[in-house]
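S.K.: Numbering (my numbering), first residue to last: 191 to 652.
Dropping the structure in here first, questions after.
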């Protein structure tokens, strides 16, 4: 029986050697040919650090350290290719799975992907290969100061190597998107919780749902729903990029904390309260304004210059910081009034944002005995220009006091008009403070409106 034992030991050693042998078979001698073949197909320099074959747990090939492009626009850490061994002798070879661990893409690589996916027609035909599944782990987009990821991608392919469905998930689990091809378009669904978009560090979505349809030329979002900053947002949007970039859409905003919105609009936190609004927005950029290699900050600046926003709004139970309207209307200082705050039950109006300028019209403020109406403009340099009328009680008498709005967003000033100051002074002298002041302000305002209207140039008949 010793001879049988020795034979079994020998067979075990041979089997172990056969299983271990693939781990020691070097395929690096084939690297130059492989690099040359891939480089010819992509028309880009390709570098591969290492390639090897392994038999366990299933036969597969691993490729390490792949870079594509002169500036390493594409970097792949480890690629594992698992073939269907039975198909290697068939007309169509089947790859059951391609796993990519650590992928980095630059903006230049994104721009080249359509060319890589559609090689020239005069290229030699490639062997017939069918891929069933592609998995990406730890994928990132590196666009200078703006980075996307890390996220994971899962794609199932059909018999023609066309994607049946694609799933994209951030590694923190906060964002999940599904893309399903449908003939010449793509159905898109995305959902997020506690997610901050990489292009904006100030915007936080408690919940976000997107549904729409995309083509190579545009995308239409039929459903945009979100919960953020204590409120809700619903709407639609459409973007097109064939010639330049065109964007338009509309939103219905309910009970949003306006202090956060003001921060996102670079207006700092001068207003608080709950916002209801129905903005309609649009933007159009020429092809020269959306160059792929442009710094994101420059593109954002051009986009804000092109953005137009038309929005009726209403804010409930808030505070307007930096000005005390009631104090400015009752003290009537010729040097103007600065500082303080105005609490209100309602602040409503109509906002038009165009060429980075904010135009507030139909303004209405109600706060107890204080009532305000008027219009104010904010320039791209955050300079204020406008006029409001504040209805207040002066010594028991009601008066509507016209105030000019000047200064900046950070340092606003309310100045009574010259006619209001003169009328108030004359009324006080003739009738005494209180009633005389109120009557004088009214007369001054009436005179100002009368002669101001007469002094306006008349429009020539067409």
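For every residue, glycine included, the Cβ atom is placed at its ideal position computed from N, Cα and C.
Return the residue from the list 573, 571, 592 that minimises the CA-CA distance to residue 564.
M.R.: Ranking 573, 571, 592 by Cα distance to residue 564 puts 592 first.
S.K.: Tell me which residues share the same chain as residue 285 and place their Cβ nearer than 8 Å to its Cβ, disregarding the 5 neighbours each side in the sequence.
M.R.: Correct list, in chain order: 271, 272, 273, 274, 319, 320, 321, 322.
S.K.: Does DSSP put residue 401 in a helix, a strand or coil?
M.R.: DSSP places residue 401 in strand when its eight states are reduced to three.
S.K.: DSSP three-state label for residue 257, please.
M.R.: Residue 257: strand per DSSP, three-state reduction.
S.K.: So residue 530 packs on residue 553, CB below 8 Å; how close in whole Å?
M.R.: The pair is not a contact, with the Cβ atoms about 18 Å apart (cut-off 8 Å).
S.K.: Can you list, in chain order, the residues of its chain whose CB lies under 8 Å from that of residue 421, leaving out five sequence neighbours each side?
M.R.: Cβ neighbours of residue 421 beyond the five flanking positions: 443, 444, 445, 446, 447, 464, 465.
S.K.: Could I get the ranges of all uninterrupted beta strand (DSSP E) runs contained in the stretch 383 to 440, with 3 residues as the minimum, in chain order?
M.R.: Within the stretch 383 to 440, the complete beta strand (DSSP E) runs of at least 3 residues are 395 to 404, 408 to 418, 421 to 430.
S.K.: For residue 498, collect the residues of the same chain with a Cβ closer than 6 Å to its Cβ; drop the 5 residues on either side in sequence, then sort them by chain order.
M.R.: Closer than 6 Å at the Cβ level, and outside the excluded window around residue 498, lie 472, 544.
S.K.: By a C-beta neighbour count over all protein chains shown, 10 Å radius and 16 as the cutoff for buried, is residue 402 buried or exposed?
M.R.: The residue in question, residue 402, is buried, as its Cβ has 16 or more Cβ neighbours within 10 Å.
S.K.: Based on Cα-Cα distance, which residue from 546, 536, 525 lies nearest to residue 595?
M.R.: Checking every option, the nearest Cα to that of residue 595 belongs to 525.
S.K.: Give the range of the beta strand (DSSP E) segment to which residue 242 is assigned.
M.R.: Element bounds for residue 242: 236 to 244.
S.K.: Less than 7 Å separating the Cβ of residue 413 from some heavy atom of the ligand SAM?
M.R.: The ligand content of the structure shown is nil, which means the ligand SAM is not present either.
S.K.: Is the number of C-beta pairs between the stretch 397 to 411 and the stretch 367 to 383 that are closer than 8 Å three or more?
M.R.: Touching, per the Cβ criterion.
S.K.: With DSSP run on the structure shown, which of helix, strand or coil describes residue 224?
M.R.: Residue state, collapsed to three classes: helix.
S.K.: Measure the C-alpha to C-alpha separation of residue 251 and residue 242 and round it to an integer number of angstroms.
M.R.: Cα to Cα, residue 251 sits roughly 6 Å from residue 242.
S.K.: Looking only at C-alpha atoms, which of 598, 226, 288 sits nearest to residue 571?
M.R.: Out of 598, 226, 288, 598 has the C-alpha closest to the C-alpha of residue 571.
S.K.: Contact check, residue 537 vs residue 568 under 8 Å by CB: the rounded distance?
M.R.: With 8 Å as the limit, residue 537 and residue 568 do not qualify as a contact, their Cβ atoms being about 15 Å apart.
S.K.: What whole-angstrom Cβ distance do residue 416 and residue 395 have, given they're in contact under 8 Å?
M.R.: Between residue 395 and residue 416 the Cβ distance is about 5 Å, and since that is below 8 Å, they are a contact.
S.K.: In or out: residue 279 buried (at least 16 other Cβ within 10 Å) or exposed?
M.R.: Exposed.
S.K.: Considering only DSSP beta bridges, list what residue 270 is partnered with.
M.R.: According to DSSP, residue 270 bridges with 252, 289.
S.K.: Between the alpha carbons of residue 264 and residue 258, how many angstroms are there, rounded?
M.R.: The alpha-carbon atoms of residue 264 and residue 258 are separated by roughly 5 Å.
S.K.: What do you get for residue 246, buried or exposed, if any count of 16 or more other CB atoms within 10 angstroms of its CB means buried?
M.R.: Residue 246 comes out exposed.
S.K.: Can you name the residues that DSSP bridges to residue 503?
M.R.: DSSP output for residue 503 lists 467, 539 as bridge partner(s).
S.K.: With residue 521 as the anchor, note down where its alpha helix (DSSP H) starts and where it stops.
M.R.: Residue 521 -> alpha helix (DSSP H) spans 515 to 521.
S.K.: Considering only residues of the same chain and omitting the five flanking positions on each side of residue 249, which have a CB-CB separation below 6 Å?
M.R.: Excluding sequence neighbours, residue 249 sits near 275.
S.K.: Could you check whether residue 494 and residue 541 sit closer than 8 Å to each other, using their CB atoms as the reference points?
M.R.: In this structure, residue 494 does not lie closer than 8 Å to residue 541 by Cβ.
S.K.: Within the stretch 327 to 374, note down every full beta strand (DSSP E) run reaching 3 residues or more, in order along the chain.
M.R.: As far as the stretch 327 to 374 is concerned, its whole beta strand (DSSP E) runs of at least 3 residues are 336 to 347, 353 to 360, 365 to 372.
S.K.: Excluding sequence positions up to five away, which residues of its chain have a Cβ less than 6 Å from the Cβ of residue 328?
M.R.: Cβ within range, chain order: 292, 340.
S.K.: Can you name, in chain order, every residue of its own chain whose Cβ lies under 6 Å from the Cβ of residue 432, other than the five neighbours on each side?
M.R.: Excluding positions up to five away in sequence, the list reads 407.
S.K.: Look at the alpha carbon of residue 503 and the alpha carbon of residue 410, and state the distance between them as a whole number of angstroms.
M.R.: The straight-line gap from Cα to Cα measures roughly 26 Å.
S.K.: Which residue comes first and which comes last in the beta strand (DSSP E) that contains residue 564?
M.R.: Segment 560 to 568, the beta strand (DSSP E) holding residue 564.
S.K.: Which residue wins for smallest C-alpha separation from residue 370, given the options 357, 476, 364?
M.R.: The shortest Cα separation from residue 370 among 357, 476, 364 belongs to 357.
S.K.: Buried or exposed for residue 515, going by 16 or more other Cβ atoms inside 10 Å?
M.R.: Under this definition residue 515 is a buried residue.
S.K.: For residue 430, I'd like the list of residues in its chain whose CB is within less than 7 Å of its CB, leaving aside the five on either flank, ordered along the chain.
M.R.: Answer for residue 430: 407, 408, 436, listed in chain order.
S.K.: Which word fits residue 392, buried or exposed, when buried means at least 16 other C-beta atoms lie within 10 angstroms of its C-beta?
M.R.: Exposed: under 16 other Cβ atoms inside 10 Å.
S.K.: Under the rule that 16 or more other beta-carbon atoms within 10 Å means buried, what is residue 299, buried or exposed?
M.R.: Classification for residue 299: buried.
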